Each structure stands twice: as structure tokens, then as C-alpha cells.
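Trainee:
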Amino acid sequence: MKLYSIFTLARNALNYHKDWPRAWRSPEPRPEYDVVIVGAGGHGLATAYYLAKEHKVTNVAVLEKGWLGGGNTGRNTTIIRSNYLQDESMAIYELSRKLYEDLSQELNFNVMFSPRGLLMLCQTEHELRALKRTSHANRLAGIEARMIDPAEVKRLVPIINDSPNARYPVLGAYYQPRGGTGRHDAVAWGYARGADARGLDIIQNCEVFRILREGDGVAGVETSRGTIRAKKVAVVTAGNTSPLMQSAGVNMPLESVCLQALVSEPIKPVIDVVVMANTVHGYISQSDKGELVIGGGADPYNNYSQRGTLPALEHTITALVETFPIISRLRMMRSWGGIVDMTGDRSPIIGKTDVKGLYVNCGWGTGGFKAIPGSGFVFADTIANDRPHPIAGPFGLDRFLQGRLIDESVAAAVAH
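All you need for my numbering is the position in the sequence shown, starting with 1, plus 985.
#1: Could you give the residue range of the alpha helix (DSSP H) that holds phenylalanine 1354?
#2: Who pairs with serine 1241 in a beta bridge, going by DSSP?
#3: Under the DSSP definition of a beta bridge, which residues are partnered with serine 1249?
#4: Could you spell out where the alpha helix (DSSP H) holding arginine 1384 opens and where it closes?
#5: Can you look up valine 1403 in the DSSP assignment and give me helix, strand or coil?
#6: Quick check on DSSP: helix, strand or coil for threonine 1212?
#7: Note the first and the last residue of the continuous alpha helix (DSSP H) segment covering arginine 1010.
#8: Please report the distance separating the alpha-carbon of glutamate 1207 from that of glutamate 1192.
#9: Applying the 10 Å Cβ sphere with the 16-neighbour rule, what's the burial state of serine 1434?
#10: Taking all protein chains shown into account, do 16 or more other C-beta atoms lie within 10 angstroms of the C-beta of phenylalanine 1402, making it buried, or fewer, making it exposed?
#11: Evaluate the contact criterion for the region 1157-1164 versus the region 1134-1142: three or more CB pairs, one atom per stretch, below 8 Å.
#12: Tell whether a beta-carbon distance below 8 Å holds between isoleucine 1357 and glycine 1027.
#13: Hey, could you find the ends of the alpha helix (DSSP H) phenylalanine 992 is sitting in?
#14: Which residues mark the beginning and the end of the beta strand (DSSP E) in which valine 1235 is found?
#15: Report the rounded CA-to-CA distance for serine 1004 versus serine 1148, giving the unit in angstroms.
#16: So the alpha helix (DSSP H) arginine 1114 belongs to, where does it begin and stop?
#17: Leaving out the 5 sequence neighbours to the left and right, which residues in its chain are closer than 6 Å to glutamate 1049 when beta-carbon positions are compared?
#18: In whole angstroms, give me the CA-to-CA distance for valine 1218 and tyrosine 1289.
#19: Does the beta-carbon of aspartate 1181 have 16 or more other beta-carbons within 10 angstroms, so that it is buried, or is it exposed?
#20: Starting from arginine 1372, trace the beta strand (DSSP E) both ways and give me its first and last residue.
#21: Do the region 1100-1108 and the region 1165-1182 touch if we need at least three Cβ pairs shorter than 8 Å?
#22: Going by CA-CA distance only, name the one from Tyr1034, Leu1305, Ser1074 that's closest to serine 1394.
#23: Let me know if leucine 1070 comes out buried or exposed under the rule of 16 or more other beta-carbons within 10 Å of its beta-carbon.
#24: Count the other C-beta atoms from every protein chain shown that fall within 10 angstroms of the C-beta of phenylalanine 992, then say buried if there are 16 or more, exposed otherwise.
#25: Tell me whether methionine 1230 sits in a helix, a strand or coil according to DSSP, three-state version.
#26: Which two residues bound the contiguous alpha helix (DSSP H) that contains leucine 988?
#27: Note down the Cα distance separating proline 1016 from isoleucine 1187, rounded to an integer number of angstroms.
#28: Rounded to whole angstroms, what is the Cα-Cα separation between alanine 998 and asparagine 1044?
#29: Work out the CA separation of threonine 1338 and alanine 1400 for me, nearest whole Å.
#30: Keeping to the same chain, check which residues put their C-beta closer than 6 Å to that of cysteine 1347; ignore five residues upstream and five downstream.
#31: Report the residue from Ser1320, Arg1183, Ile1256, Trp1349 whose alpha carbon sits nearest the alpha carbon of phenylalanine 1309.
#32: Using 8 Å as the threshold, is the region 1278-1297 in touch with the region 1239-1247, meaning 3 or more CB pairs across them?
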């Protein structure tokens, strides 16, 4: 792998940037691998990277039905935070946030991590009490976050409507200074480049139709490019997890829904933190190009749409205008949707299944992007050692049978 640096940039500039090598190969699939990872989104690519880097497992194929990072990884609002309520959630999201801190240096690829700070607004007394509870839990876990008063909220977010007569008054906020955003495409590209450099095959335009079984274990996968045998199969396909796992005889406690977001026309800088307004059901940040990145809640009905609906966008915008009046004059530039898989307790599923050699990582709902590094790290360890990583252990599929739910339906907030 050719290292990126100011020196290579200058050297290639002399030749009008014609000699840059490909970031990763486009190999033909081999007949058999030790591990096949289904899904070349952020979680799948991170898993592949850490399998090679941490566990020296390199006979690995990552299969993607479309283009690399073309699913939910490229269809989100890039929020990164770890201020969840339950101990299990705090452990994996804080691991991920810490990995994000040094990820650009780790991958030699700028993922544009921006720890600009994140506020979760308190606009009702109930919300204020709930986030105070979360703040105590986070403090005991060693996570840097604190409650702030309306005056500090106004200082951090000058465009906010802080009138005491507002329909949704600002009573305070829960502030995580090291939360922020990253560049979704760059995270996928960085992990892909790192995995490819370690000899792993990333195969695009290779749709997996079903998982093949022999007896009580997996034998491989049937794809649009032929049958690929494997000793281990790891499914990391977000909203499409349920139908694929059913082909192996495993039913998943998931529902798939569409989550939408949009960006405005670009404007000068007006907000340099991330703001989540749960009461009005929306969240907002500003990209480096000046666009306001806006999102809301997931659709209330099951579907596999990646287009979304105008009523859902209208609901989000109408709500946010109450808190940020200046955005009412902006025009929407584009919108998109992604398919997210939800569990009953709004926490992910990471681990083994009853089928020998079959592993699954899913159920991240609307919070998958922030978890990519931590998810890949613990899932790779689980696959390599055929037992749950200590952080992944509580998120096993068996928790639904045992009643060990990790309820994050409140801390997951609007959609993050």
C-alpha cells in the first residue's frame, strides 16, 4: 500500500496526479475462503480489516451486491457519540468513539473525524430528568459529558430559539464535547484500502442469494457470481439481514424500516456543533461544504424503500423550524433514505448463531455509523476466536430468549 502524505501529494502533482495507484483491487472471487463477510459497508469492511490486522486472518472475501459503501454507510448523517444509558451500550460506543479519534492515522486515510461537540436538547421537564439520569450513568462509566444550562446552549448554538415563550422552550442540554461527525464515505474507503493492502478480497457487484449449509454448519454462499465455499460466514447486511438469515434457517427478531435525511443548499457557517432535538424529532449539523444536514425519525411502518416519503420530511422540517427559525428560508438540495434494521430493545445483535460457523452483526437501527470501528473490532475477535468478545457478549442473539434486554429505546433518541 502506497502511503499518503504531503510528499506523495507533491510528487504526484508534478505529473498532474496521473500515477496514483488504485486504492483497492477488483479481484475475481476464488472458489473458497476461510471467512466470507456478506456486506461491504462500514461494519463489514471494519470487520475484515481487524480480522487481518489483529488476528492475522487474511483468506477473507467481503461480498457486496452493489458498490462498496453504497448502502447505509453512505446514507446517514455521520453523527458520532457514546452517551448512551446502559453499561453495555456505553462500552461499545465509547470504544468506537475512541477508535475514531485516531482512525485517520491508523488507516493513513483522512476520515475527517470532527469532535465538534454534540448537544441533546432538553425541551420538556421529562426530557430534562431523563438526560440527568443518563449523565449520572455516563459519569460513572468515565464518559466525558455534562448537563449545561440554557445560557450555555445559546452560546454554543446562537441560531437557536431560546425564547421562554417558544412552543418548545430550551431548558438545557446534555453536552458531549468529544462527540461530533465524520465522513461516511471516507470511513468505508479507508477500511477498504487497509483490508485490501493486507491481502483480503473485496468483491463488488456480487449479490448473495442464500447461505449454504451442510449438516449443522455453514458450507458457503450462493452468489450472482457463482458458489463460494467458506468455513465461516459473517452476515453484516443491515436492513437485508432477515431474509438472508432465513435462507440458513435462522429467524431474526428484526423489523426493517426506512430512515430519511436531507441536506439544504450550502450557506455560510451558522452552527459548529451537532444538535439533537428529540422533542421536536429532528437533528441538525453543518457539513464542511456549508450544507445543513438534517434528519429525523424512522418510518413508522416496515418497508425496504431507499427513497422515503415527503410527509416524513415535512414532519421533520416543520418540527425543526420551531427551534431553528432561520432554516425556514432555506431550500432542500437533496434527500435520501436507508434501510435500517431494528430490534425490540433498540440495541444491536453481535455474535454466533446456532448454525456452526455462522455469525451475525445487525440491528444497529439508526445508530450504525457511530459504531463502525468498535463493531468491527469486537466482531472480528468473535469470528476469529469463535466466542463472543467481552464487549459483544451481552449483545448475543440469545438475550431475547433469556430476557436480558438492553433497552435503549429512550437513549437512542430521535434516530441516533
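No residue lacks a Cβ here, since even glycine has one placed at the ideal position from N, Cα and C. Since we're looking at a predicted model, the values are computed, not measured.
Mentor: Taking the coordinates as given:
#1: Along the sequence shown, read from residue 1 onward, the residue named residue 1354 stands at position 369. Careful: phenylalanine 1354 lies outside any alpha helix (DSSP H) and carries neither H nor E.
#2: The residue you call residue 1241 lines up with position 256 of the sequence shown. Beta-bridge pairing links serine 1241 to Asp1326.
#3: The sequence position of residue 1249 within the sequence shown is 264, counting from 1. Here serine 1249 is bridged, per DSSP, to Met1317.
#4: Start at 1 with the first residue of the sequence shown, and residue 1384 comes out as number 399. Segment 1384-1387, the alpha helix (DSSP H) holding arginine 1384.
#5: What is shown of the chain runs 986 to 1401, which leaves residue 1403 out entirely.
#6: Here the question's residue 1212 lines up with position 227 in the sequence shown. Threonine 1212: strand per DSSP, three-state reduction.
#7: Indexing the sequence shown from 1 puts residue 1010 at position 25. Unbroken run through arginine 1010: none, as it is neither H nor E.
#8: Translated into the one-based positions of the sequence shown, residue 1207 becomes position 222. Translated into the one-based positions of the sequence shown, residue 1192 becomes position 207. Looking at the two C-alpha atoms, the distance is approximately 9 Å.
#9: Summary: the structure shown does not reach residue 1434, with the chain confined to residues 986 through 1401, and so no result is reported for it.
#10: Residue numbering for the chain in the displayed model covers 986 to 1401; residue 1402 lies beyond these limits and cannot be assessed.
#11: Taking 8 Å as the limit for Cβ pairs, the verdict is that the region 1134-1142 does touch the region 1157-1164.
#12: The residue labelled residue 1357 in the question sits at position 372 within the sequence shown. The residue labelled residue 1027 in the question sits at position 42 within the sequence shown. For isoleucine 1357 and glycine 1027, yes; Cβs fall inside 8 Å.
#13: For the purposes of this step, residue 992 is identified with residue 7 of the sequence shown, where counting begins at 1. Annotation: the continuous alpha helix (DSSP H) that includes phenylalanine 992 extends over 991-998.
#14: Sequence index remark: in the sequence shown, residue 1235 carries index 250 (1-based). That residue, valine 1235, is in no beta strand (DSSP E); it is neither H nor E in DSSP.
#15: As a working mapping, residue 1004 is identified with position 19 in the sequence shown. As a working mapping, residue 1148 is identified with position 163 in the sequence shown. Per the sequence shown, the amino acid found at residue 1004 is aspartate instead of serine. Whole-angstrom Cα-Cα distance: 57 Å.
#16: Position 129 of the sequence shown, counting from 1, holds the residue named residue 1114. It spans 1110-1125 - the alpha helix (DSSP H) in which arginine 1114 sits, taken as one unbroken run.
#17: As a position in the sequence shown, residue 1049 is number 64, starting the count at 1. Correct list, in chain order: Ala1025, Gln1189.
#18: By 1-based counting over the sequence shown, the position of residue 1218 is 233. By 1-based counting over the sequence shown, the position of residue 1289 is 304. For valine 1218 and tyrosine 1289, the distance between alpha carbons rounds to 24 Å.
#19: Translated into positions along the sequence shown, residue 1181 becomes position 196. Buried, because 16 or more other Cβ atoms sit within 10 Å of the Cβ of aspartate 1181.
#20: Position 387 of the sequence shown, counted from the first residue, corresponds to residue 1372. No beta strand (DSSP E) holds arginine 1372; DSSP gives it neither H nor E.
#21: yes
#22: Here residue 1394 corresponds to residue number 409 of the sequence shown, with the count starting at 1. By alpha-carbon distance to serine 1394, the top candidate from Tyr1034, Leu1305, Ser1074 is Ser1074.
#23: For this step, residue 1070 is matched to residue 85 along the sequence shown. Counting Cβ neighbours within 10 Å, leucine 1070 comes out buried, since at least 16 surround it.
#24: To locate residue 992, count along the sequence shown from 1; it is residue 7. With fewer than 16 other Cβ atoms within 10 Å, it is exposed.
#25: If you number the sequence shown from 1, residue 1230 lands on position 245. The answer is helix: DSSP assigns methionine 1230 an H, G or I state.
#26: The sequence position of residue 988 within the sequence shown is 3, counting from 1. Unbroken run through leucine 988: none, as it is neither H nor E.
#27: Here residue 1016 corresponds to residue number 31 of the sequence shown, with the count starting at 1. Here residue 1187 corresponds to residue number 202 of the sequence shown, with the count starting at 1. C-alpha of proline 1016 to C-alpha of isoleucine 1187: approximately 14 Å in a straight line.
#28: Locating residue 998 in the sequence shown gives position 13, counting from the first residue. Locating residue 1044 in the sequence shown gives position 59, counting from the first residue. Straight-line Cα distance between these residues: approximately 36 Å.
#29: Locating residue 1400 in the sequence shown gives position 415, counting from the first residue. Locating residue 1338 in the sequence shown gives position 353, counting from the first residue. Unreliable placement is indicated for alanine 1400, whose pLDDT of 47 sits below 50; the coordinate value is still reported in the next sentence. Distance between the alpha carbons of alanine 1400 and threonine 1338 is about 28 Å.
#30: Taking the first residue of the sequence shown as position 1, residue 1347 is located at position 362. Once the five neighbours on either side are set aside, the close Cβ partners of cysteine 1347 are Thr1226, Asp1326, Ile1334.
#31: Residue numbering aside, residue 1309 sits at position 324 when the sequence shown is read from its first letter. Comparing Cα positions, the closest option is Ile1256.
#32: yes
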